[in-house]
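Sequence lines, in order, name chains A and B.
Count along the first sequence from 1, then add 1126; that gives the number in this note's numbering.
Count along the second sequence from 1, then add 1126; that gives the number in this note's numbering.
All C-beta atoms, glycine included, are put in the ideal place defined by N, C-alpha and C.
2 protein chains.
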Amino acid sequence: MRIAPLLTAAIVLFSARSAVYAQTFIVANEARIQSRIKALGLIGDTSLGIRKRVAYSTGDIAARKYITGLMQSVGLSVRVDAGGNIIGSRKGKNASLPPILLGSHTDAVPNGGIYDGDLGVIGAIECIELLNENHLVTDHPLEVVDFVDEEGGLTGSEVMIGGLTAARLGAITNGGKTIRQGIADLGGDPDQLDKAVRRKGDIEAYLELHIEQGGNLERENRDIGIVEGIVGLDSWTIEVTGTTNHAGTTPMPGRKDALVIASKLVVLVNEIALRIPGRQVATVGQINVFPGASNVIPGRAVMSLDVRDLSRQKLDSVFGLIRQTADSLAAATGTTINFIRKTAADPAMAEKKIRSLITLSADEAKLSTLSLPSGAGHDAQDMARIAPMGMIFVPSKGGISHTPEEYTSPQDMAHGATVLFHTLMKLDKN
Amino acid sequence: MRIAPLLTAAIVLFSARSAVYAQTFIVANEARIQSRIKALGLIGDTSLGIRKRVAYSTGDIAARKYITGLMQSVGLSVRVDAGGNIIGSRKGKNASLPPILLGSHTDAVPNGGIYDGDLGVIGAIECIELLNENHLVTDHPLEVVDFVDEEGGLTGSEVMIGGLTAARLGAITNGGKTIRQGIADLGGDPDQLDKAVRRKGDIEAYLELHIEQGGNLERENRDIGIVEGIVGLDSWTIEVTGTTNHAGTTPMPGRKDALVIASKLVVLVNEIALRIPGRQVATVGQINVFPGASNVIPGRAVMSLDVRDLSRQKLDSVFGLIRQTADSLAAATGTTINFIRKTAADPAMAEKKIRSLITLSADEAKLSTLSLPSGAGHDAQDMARIAPMGMIFVPSKGGISHTPEEYTSPQDMAHGATVLFHTLMKLDKN
């Protein structure tokens, strides 16, 4: 009966672990997350009057060094891929399984906050801490990723899915460097980006924890946002052409004031987006009039249009209505209104199964949830092209982001990391 | 009976002149005016990419030299006053009478046309030619004035009425010089401007011929515009404050989009100016939104407001309505709308008697007329503060001005000079 003791030991061992897992529900360490977010938040080019750190800056490089150190301190095997993305790996029980990726980014917009992106990387490292503390090994290998230059256009995740165009390499970024130079400065190899590319099947799943950057969770008083998907974004430049004339000598009737027509269109765009049932948004964030003198009737107005929704069909129907309204307006006023398309990004849906695992994890943690779309873009939208994707939101105070006033409480951050951890564990066993 | 032949001679002489005046109605020389307008129009800093000549530039100085030469060629006694204004004088029969002034300006906006201002000076010189050719001497002394820097803010006429502020002397003009330096470069004396000042009673009347710079005469198919007055101009900066937010993550309901509110106000300003009976105009010619990114809901919009009318009461009531509308809009949307006044210029009326003399002169010349306000500013509005003022308009093709496309036909220019001449003659005898 030599087998029995061994078997018993195994059962005891298994039971002991299950007991820990079941009886003392594993939760993230609030103080640890907060101290790391604060430490990371102090790194940046404040000398330039920039609150945080834009991609490829000395601040960005310093922050990435800090993240590399953290990854190493929790036992991850760290490498930098050709795109400059930092990847920390932890072995799983079954080396033949594709890895589960957890991640986000640590670069920031100029004058940004200290939570956007950072929480996703610190939260992923927290999951590794929890695995270590509880002596757990997942079946799948795990990878924690700190993507490059998310704010400049998802550069690192674009590289990873093989989507970064050659033209983008020469683009000048917020910090003044080209993306090519920036990637090289982060330790990547812009001439061998193919080496960083992952394909469908290479990754088991991608999970990202992020602050909401909106006010829905706070308004609804919920702890956890379960992201349904990342909205598609269609953008245009709209050009209204009327007739420039003297503001003093031109009678009101018969004027073809491009700003008056553009203003009517701005109001109608807003009304259309408000009127249609659903959660679509439409925004005019830029407008310029020409010649732009107080005593001259504008002959030309140029403005932006940004339309977002989770459904491609809805995006098309909203734009169709706006276009139709603009055409009627132009015909009625004898002006012309042209639309020049800038971008057309399809929505990226979170996987249904992962969403239900997030919900289950939040329920177990006794946290309230809200399903919602992400109106902002994230690395997750790229990763969804090659792997099942799930995204967890935590509340942003006042719904504000991309400003130093951005704030998420330590408790909310810990809640997010706890749900991320349990979602990872369920996904691993699934 | 030695007296008789002498008396007869005098009567014959007088009759002969009256006969010329009555039988062959004096008309301006179309070819002469056209050739001088063209010659003057060739003078300018085209090397700078500027179509014409801004005040105080080398082109302006060259043009003033040309005008000085023309004045001398028609027998005027030419001086430059302390403000740099060129004044050509012709004696009248009665030296104790105050002079009648005829004039305009020869400086131009950057990239302007060749008729705005120039026609008034060339037309005044044409009147002197007609007096010379017809051996006529007026009772009143006459003065032809080429004012300084009209386009920069009526500088020369402001000097003449004692209205130029000390602060303006240091202002930088379109050509890069200060007004102080510019006046000195034109032969004026910026430290003795008081010597150029004329007071009420110093001038019998001021007459100005000008292109309409609007489309009323062309639209109504009339030859001569009888200016009722120069409109008052009230201008403001309007600041709309809402809430900046992410264009993707902020739901449509509850947004405080400063551009949407500003756009509603632009449309309402236009509607108010269109709806009220009268010829008031209201224009928003400038708008800027902040932060001004396509993916950010504008939190702030700043725009100009320019309101013009011949009546101070009307100006106040139009603004009152706009203000009331803005206040309601702000209250309804939870935004703030502030008005910062920039200028408040009262209307300047043409003298009723002079207007009737212009009408009479046009009737005699078998030219059709239209009474209308001047929506643009002119030196005449300053002169109206110290003397009876009359202004004659001729058609502008397409109503356009302040551009190289500005055009008035030689025939229309000659019509204007003919009416200017006969108005002068009637005024002189009045």
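Simplified DSSP state of residue i, which is helix, strand or coil
i, result
"B/H1372", "strand"
"B/F1445", "helix"
"A/E1365", "strand"
"B/G1326", "Looking at the sequence shown, residue 1326 of chain B is not Gly but Lys. Reduced to three states, the DSSP call for B/K1326 is coil."
"A/S1437", "coil"
"A/V1428", "strand"
"A/Y1147", "Because A/Y1147 sits at a pLDDT of 49, beneath the cut-off of 50, its placement in the model cannot be relied upon, and the point is left open."
"B/E1178", "For the record, residue 1178 of chain B in the displayed sequence is Lys; it is not Glu. If DSSP states are grouped into helix, strand and coil, B/K1178 belongs with coil."
"A/M1127", "Reliability fails at A/M1127, whose pLDDT of 35 lies under 50, so the model's placement of it is uncertain and the value that follows must be treated cautiously. Reduced to three states, the DSSP call for A/M1127 is coil."
"A/L1493", "coil"
"A/S1389", "helix"
"B/S1222", "coil"
"B/S1527", "coil"
Spatial neighbours of residue i in its chain, beta-carbon cut-off 6 Å, leaving aside the 5 residues before and after
i, result
"B/A1488", "I1350, T1495, V1545"
"A/N1556", "none"
"A/Y1147", "Confidence at A/Y1147 is low in this model, with a pLDDT of 49, below 50, so the placement of that residue is unreliable and no value is reported for it."
"A/I1329", "P1224, L1227, A1513"
"B/S1497", "I1352, E1354"
Cα-Cα separation between residue i and residue j, rounded to whole angstroms
i, j, result
"B/A1294", "B/I1305", "The residue you asked about is not Ala; residue 1294 of chain B is Arg in the sequence shown. Cα-Cα distance, rounded: 7 Å."
"B/L1269", "B/Y1192", "First, the amino acid is wrong: residue 1269 of chain B is Glu here, not Leu. So the alpha carbons of these two residues sit roughly 17 Å apart."
"B/R1434", "A/N1347", "53 Å"
"A/R1216", "A/R1162", "21 Å"
"A/M1197", "A/G1229", "12 Å"
"B/H1261", "B/K1219", "13 Å"
"B/K1326", "B/E1477", "14 Å"
"A/E1531", "A/M1286", "32 Å"
"B/P1514", "B/D1272", "19 Å"
"A/L1550", "A/L1202", "17 Å"
"A/V1263", "A/P1225", "13 Å"
"B/K1321", "B/V1357", "29 Å"
"A/H1548", "A/Y1241", "21 Å"
"A/A1388", "A/D1360", "19 Å"
"B/T1184", "B/G1167", "14 Å"
"B/V1366", "B/N1414", "10 Å"
"A/G1418", "A/L1385", "10 Å"
"A/R1511", "B/G1525", "58 Å"
"B/G1302", "B/R1467", "27 Å"
"B/S1454", "A/T1232", "45 Å"
"A/A1540", "A/E1334", "14 Å"
"A/W1362", "A/T1469", "7 Å"
"A/G1404", "A/A1474", "17 Å"
"A/G1296", "A/S1283", "17 Å"
Sequence-distant residues of the same chain with beta carbon closer than 7 Å to residue i, five excluded per side
i, result
"A/P1521", "E1338, L1343, E1344, T1534, D1538"
"A/V1071", "Chain A is shown from 1127 up to 1556; residue 1071 of chain A falls before or after that span and cannot be answered."
"B/G1411", "S1430, D1432"
"B/I1309", "G1209, G1210, V1274, P1316"
"A/T1459", "K1382, I1387"
"A/A1416", "Correcting the residue type first, residue 1416 of chain A is Phe in the shown sequence and not Ala. Correct list, in chain order: P1424, G1425, R1426."
First through last residue of the alpha helix (DSSP H) which encompasses residue i
i, result
"A/Y1192", "1184–1199"
"B/L1483", "1478–1490"
"A/R1294", "1292–1295"
"A/D1554", "1536–1555"
"B/K1468", "It is not in any alpha helix (DSSP H) - B/K1468 instead sits in the beta strand (DSSP E) that spans 1462–1471."
"A/E1532", "Element bounds for A/E1532: n/a, residue is neither H nor E."
Extent of the continuous beta strand (DSSP E) run through residue i
i, result
"B/A1331", "1331–1337"
"A/R1345", "It is not in any beta strand (DSSP E) - A/R1345 instead sits in the alpha helix (DSSP H) that spans 1342–1346."
Nonlocal neighbours in the same chain, by C-beta distance under 8 Å from residue i, ignoring five residues either side
i, result
"B/A1331", "I1226, L1227, E1477, I1480, A1513, P1514, M1515, G1516, L1553"
"A/A1165", "Y1192"
"B/N1300", "V1180, A1181, V1235, P1236, E1277, G1278"
7 Å Cβ cutoff, residue i in contact with chain C
i, result
"B/V1415", "Judged by its chain identifiers, the structure shown contains no chain C, and its protein chains are A and B."
Report task. Return the residues of the segment 1323–1341 of chain B that lie within a Cβ-Cβ distance of less than 8 Å from chain A, sorted by chain order. Result -> Under the 8 Å Cβ criterion, the segment 1323–1341 of chain B contributes E1338, Q1339, G1340, G1341.
Query raised in the report: Mind listing which residues of the segment 1421–1444 of chain B have their C-beta closer than 9 Å to chain A's C-betas, in chain order?
Result: Listed by position, the residues of the segment 1421–1444 of chain B near chain A (Cβ gap below 9 Å) are N1421, V1422, I1423, P1424, A1427, M1429, S1430, L1431, D1432, R1434.
Query raised in the report: Along the segment 1391–1408 of chain B, what residues have a CB closer than 7 Å to any CB found in chain A?
Result: Within the segment 1391–1408 of chain B, the qualifying residues are V1392, V1393, N1396, A1399, L1400, R1405, V1407.
Query - Residues of the segment 1458–1492 of chain B whose Cβ lies closer than 7 Å to any Cβ of chain A, in chain order - result: Of all residues in the segment 1458–1492 of chain B, none comes within less than 7 Å of chain A when Cβ atoms are compared.
Requested in this report: Report the residues of the segment 1229–1246 of chain A with a CB closer than 7 Å to any CB of chain B, ordered along the chain.
Outcome: Here the close residues number zero.
Report task. Return the residues of the segment 1528–1541 of chain A that lie within a Cβ-Cβ distance of less than 9 Å from chain B, sorted by chain order. Result -> Answer set for the segment 1528–1541 of chain A: H1528, T1529.
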